[in-house]
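In terms of our numbering, the sequence shown is residues 236 to 659. For every residue, glycine included, the Cβ atom is placed at its ideal position computed from N, Cα and C. Below is one structure; the comments refer to it alone.
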Amino acid sequence: VTAGVAAPAYAGIPVTHRGLASEVTFITAHEDPRKKPSVNWKALAQLQGTLVLYMGIKTLPETVRLFLKYGKKSNTPISVIRWGTTGEQKTVTGTLQTIVRNIEKAKLTAPALTVIGNVNRLRSKIKWFEEKPLFGKTVLVTRSRQQASQLAEALEAEGARVIEVPTIEIAPIKDFRVLDRAIRRIAPPHPIPLPQGEGRVRGYDWLVFTSENGVEAFFNRFRALKKDARSLSHLKIAAIGPGTKAKLNSYSVEPDLIPSQFTTEGLLHAFRKVQISKKRFLLLRTNIAPDLLKISLEKAGAQVTEIPVYQTEKPEGLSRKVAEIVQQYPIDYITFTSSSTVKHFFEALRNGRHLGAKMISIGPVTSKTIRDFGVAVSREAQVQTISGLVEAVLKEESLSSPRTRGSSRLDSRFRGNDSKARYE
236 VTAGVAAPAY AGIPVTHRGL ASEVTFITAH EDPRKKPSVN WKALAQLQGT LVLYMGIKTL
296 PETVRLFLKY GKKSNTPISV IRWGTTGEQK TVTGTLQTIV RNIEKAKLTA PALTVIGNVN
356 RLRSKIKWFE EKPLFGKTVL VTRSRQQASQ LAEALEAEGA RVIEVPTIEI APIKDFRVLD
416 RAIRRIAPPH PIPLPQGEGR VRGYDWLVFT SENGVEAFFN RFRALKKDAR SLSHLKIAAI
476 GPGTKAKLNS YSVEPDLIPS QFTTEGLLHA FRKVQISKKR FLLLRTNIAP DLLKISLEKA
536 GAQVTEIPVY QTEKPEGLSR KVAEIVQQYP IDYITFTSSS TVKHFFEALR NGRHLGAKMI
596 SIGPVTSKTI RDFGVAVSRE AQVQTISGLV EAVLKEESLS SPRTRGSSRL DSRFRGNDSK
656 ARYE
């Protein structure tokens, strides 16, 4: 879609309208200086429809002079749109008589697009993008590159400018031998012969997944060993939240247990309602998972095996990347979805407590890690999901900005889905 249509639409200006303009003309307002000028400004000034000028900030004073010279009325409405359709969009309005002064006052710079004509009168009634609750706000997303897109999409749907700086990387484990041994032991409840040297070991009663990453890493190896979902038919399976459940469903597996609170504590609370004493648990997690889940299950009488199925690492060059971003952009909010994203971010940023941005956390464990770095948490998600995290940003903004007060509402596409959040 050409910018000549898209940018005005995002500014609340249709380029044609039944009662205001039946035609639209697109003009290059900044011609190549090496060629002879070819724009017929006299003819354009006689047109009654909408005029859309590309690349015309520097030449706008001369353009206005020519239109007035050739008979365009001085009260003709005009809008100049900078960085249309992006979170940096800014629109300055006026008339042919006032627009140059208004642009200078607003310090508007290129790149920008100019719309001339009566369709500009509709902007006050139908502008929508600049009315979004997070419009004009910059949100830094620290999730891994593989997972950041849906959080970024949800924030952008609310008008935010999103900057992605992954502070963690998800990588496969380097040695599969322990995981392969565990997979071979996932078998019917009666003892079965295992490969030579591994003895006769009873399989597990529960598989526990605390992230979508764990599900994907496990099934990648599961298939490499020629296994399929039928091998899990006798097991109970726990998932920490809706996103983890959705990932299991993609492998034709339906979890037996999902907590009402999508945290380790919530998972432990859910396990209190089932018999776990003397049951065998296999926890499939990251290499840096906290010990709370394993220790608590063992205290309740469970036999727990914990195996890393993927690694969480710090990206190379993170300190340089973070420094560049915080120097280049005024950050309003920083979102954190795990303790590891917090740890790596603040280790990369020495003066983080003076950054000026508001910290938004997905849950209690993440919040504690932020505070451990001496930084205040502005808001914690009430529901530990990606939609809950976005709701927390919206709530914080609604309390601090008169424009958005009372307007917190999350796009229905993201409501009720943990959108592949990590909770480790």
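Buried or exposed (CB count within 10 angstroms, at least 16 for buried), Ala246: For the purposes of this step, residue 246 is taken as the residue at position 11 of the sequence shown. Ala246 sits buried, since 16 or more C-beta atoms from the chains shown fall within 10 Å of its C-beta.
First through last residue of the beta strand (DSSP E) which encompasses Tyr545: The residue you call residue 545 lines up with position 310 of the sequence shown. From DSSP, the beta strand (DSSP E) with Tyr545 extends over 538-548.
Ser635 classed as buried or exposed, judged by whether at least 16 other C-beta atoms fall within 10 angstroms: Translated into positions along the sequence shown, residue 635 becomes position 400. Exposed, by the Cβ-count rule.
Euclidean distance between Cα positions of Arg416 and Glu582: Numbered from its first residue, the sequence shown carries residue 416 at position 181. Numbered from its first residue, the sequence shown carries residue 582 at position 347. Answer to the nearest angstrom: the Cα atoms are 36 angstroms apart.
At least three beta-carbon pairs within less than 8 angstroms, the stretch 455-463 to the stretch 498-512: Of all C-beta pairs linking the stretch 455-463 to the stretch 498-512, fewer than three are shorter than 8 angstroms, placing the two stretches out of contact.
Buried versus exposed, by CB contacts within 10 Å (16 or more), Trp441: Numbered from 1 along the sequence shown, position 206 holds the residue referred to as residue 441. Buried, because 16 or more other Cβ atoms sit within 10 Å of the Cβ of Trp441.
Contiguous alpha helix (DSSP H) assignments of at least 4 residues, all confined to the stretch 256-299: Runs of the alpha helix (DSSP H) inside the stretch 256-299: 276-281.
With 16 other Cβ atoms within 10 Å as the buried cut-off, status of Gly322: Indexing the sequence shown from 1 puts residue 322 at position 87. Counting other Cβ atoms within 10 Å of its Cβ, Gly322 reaches 16 or more and is therefore classed as buried.
Separation of Ala616 from Leu629, as counted between CA atoms: Taking the first residue of the sequence shown as position 1, residue 629 is located at position 394. Taking the first residue of the sequence shown as position 1, residue 616 is located at position 381. Leu629 and Ala616 have their C-alpha atoms spaced approximately 11 angstroms apart.
Length of the line joining the Cα atoms of Ala238 and Thr320: As a working note, residue 238 is residue 3 in the sequence shown. As a working note, residue 320 is residue 85 in the sequence shown. A straight-line Cα-Cα distance of about 9 angstroms links Ala238 and Thr320.
Cutoff 6 angstroms; reference Thr285; Cβ partners in own chain excluding five residues on either side: Numbered from its first residue, the sequence shown carries residue 285 at position 50. Exclusion of the five residues before and after Thr285 leaves Val250, Ala256, Val259, Gly352, Val354 as the residues of its chain whose Cβ lies within less than 6 angstroms of its Cβ.
DSSP three-state assignment for Pro312, whether helix, strand or coil: For the purposes of this step, residue 312 is taken as the residue at position 77 of the sequence shown. Pro312 falls in the strand class under three-state DSSP.
Cα-Cα separation between Ala592 and Phe444, rounded to whole angstroms: Indexing the sequence shown from 1 puts residue 592 at position 357. Indexing the sequence shown from 1 puts residue 444 at position 209. One C-alpha to the other measures close to 33 angstroms.
Assigned secondary structure, Leu442 (DSSP; H/G/I helix, E/B strand, else coil): Counted from its first residue, the sequence shown places residue 442 at position 207. Strand, per DSSP.
Nearest residue (CA-CA) to Lys367, options Glu393, Leu357, Ala347: The count along the sequence shown starts at 1 and reaches residue 367 at position 132. The residue from Glu393, Leu357, Ala347 with its alpha-carbon nearest to that of Lys367 is Glu393.
Proximal residues to Ser334 (C-beta, below 6 angstroms), its chain only, five neighbours per side dropped: For the purposes of this step, residue 334 is taken as residue 99 along the sequence shown, with counting starting at 1. Reading off the sequence, residue 334 comes out as Ile, not Ser. Cβ neighbours of Ile334 within its own chain (closer than 6 angstroms, five residues either side excluded): Ile313.
Nearest-angstrom Cβ-Cβ length linking Lys575 and Ile595, presumed shorter than 8 angstroms: Here residue 575 refers to the residue found at position 340 of the sequence shown. Here residue 595 refers to the residue found at position 360 of the sequence shown. Looking at the sequence itself, residue 575 is Ser, so the reference to Lys does not match. Contact between Ser575 and Ile595 is ruled out by a C-beta separation of about 16 angstroms, above the 8 angstroms threshold.
Cut-off 6 angstroms between Cβ atoms - residues of its own chain near Phe608, not counting five sequence neighbours on either side: As a position in the sequence shown, residue 608 is number 373, starting the count at 1. The answer, listed in chain order, is Phe581.
Residues near Lys480 by beta carbon distance below 7 angstroms, same chain, minus five either side: Counted from its first residue, the sequence shown places residue 480 at position 245. Cβ within range, chain order: Ala474, Pro490, Ile493.
Inter-residue Cα distance where the pair is Tyr658 and Tyr289: Taking the first residue of the sequence shown as 1, we reach residue 658 at position 423. Taking the first residue of the sequence shown as 1, we reach residue 289 at position 54. With a pLDDT of 32 at Tyr658, under the threshold of 50, the predicted position of this residue should be treated as unreliable, though the coordinate-derived value follows. The alpha-carbon atoms of Tyr658 and Tyr289 are separated by roughly 47 angstroms.
Close Cβ partners of Ala627 (< 6 angstroms) along its chain, the five nearest in sequence each way excluded: Within the sequence shown, residue 627 is the residue found at index 392, counting from 1. So the qualifying residues of the chain are Ile595, Arg614, Ala616.
Expected contact under 8 angstroms - CB spacing of Val557 and Leu584 to nearest Å: Against the sequence shown, residue 557 aligns to sequence position 322. Against the sequence shown, residue 584 aligns to sequence position 349. Here Val557 really is in contact with Leu584; their C-beta atoms are around 5 angstroms apart, less than 8 angstroms.
When Leu414, Thr547, Trp363, Arg412 are compared against Ser446, the one with the closest alpha-carbon: Translated into positions along the sequence shown, residue 446 becomes position 211. Closest option to Ser446, Cα to Cα, is Thr547.
Within the stretch 333-368, ranges of the beta strand (DSSP E) (whole runs, at least 3 residues): The qualifying runs are 347-351.
Buried or exposed by the 16-neighbour rule on C-beta atoms within 10 Å, applied to Ser468: Along the sequence shown, one-based indexing puts residue 468 at 233. Per the 10 Å Cβ criterion, exposed.
Buried/exposed call for Ile248, threshold 16 Cβ in 10 Å: In the sequence shown, the residue the question calls residue 248 occupies position 13. Buried is the label assigned to Ile248, since at least 16 other Cβ atoms lie within 10 Å of its Cβ.
Residue burial classification, His504 (beta-carbon count within 10 angstroms, cutoff 16): Along the sequence shown, one-based indexing puts residue 504 at 269. Counting Cβ neighbours within 10 Å, His504 comes out exposed, since fewer than 16 surround it.
Range covered by the alpha helix (DSSP H) that runs through Pro407: Looking up residue 407 in the sequence shown gives position 172. It is not in any alpha helix (DSSP H) - Pro407 instead sits in the beta strand (DSSP E) that spans 404-407.
Rounded straight-line distance, which links the Cα of Thr377 to that of Gln510: As a working mapping, residue 510 is identified with position 275 in the sequence shown. As a working mapping, residue 377 is identified with position 142 in the sequence shown. Gln510 and Thr377: Cα-Cα distance of roughly 38 angstroms.
Inter-residue spacing [alpha-carbon to alpha-carbon] between Pro664 and Gln619: One cannot answer for residue 664 here, as it falls past the ends of the chain, which runs 236 to 659.
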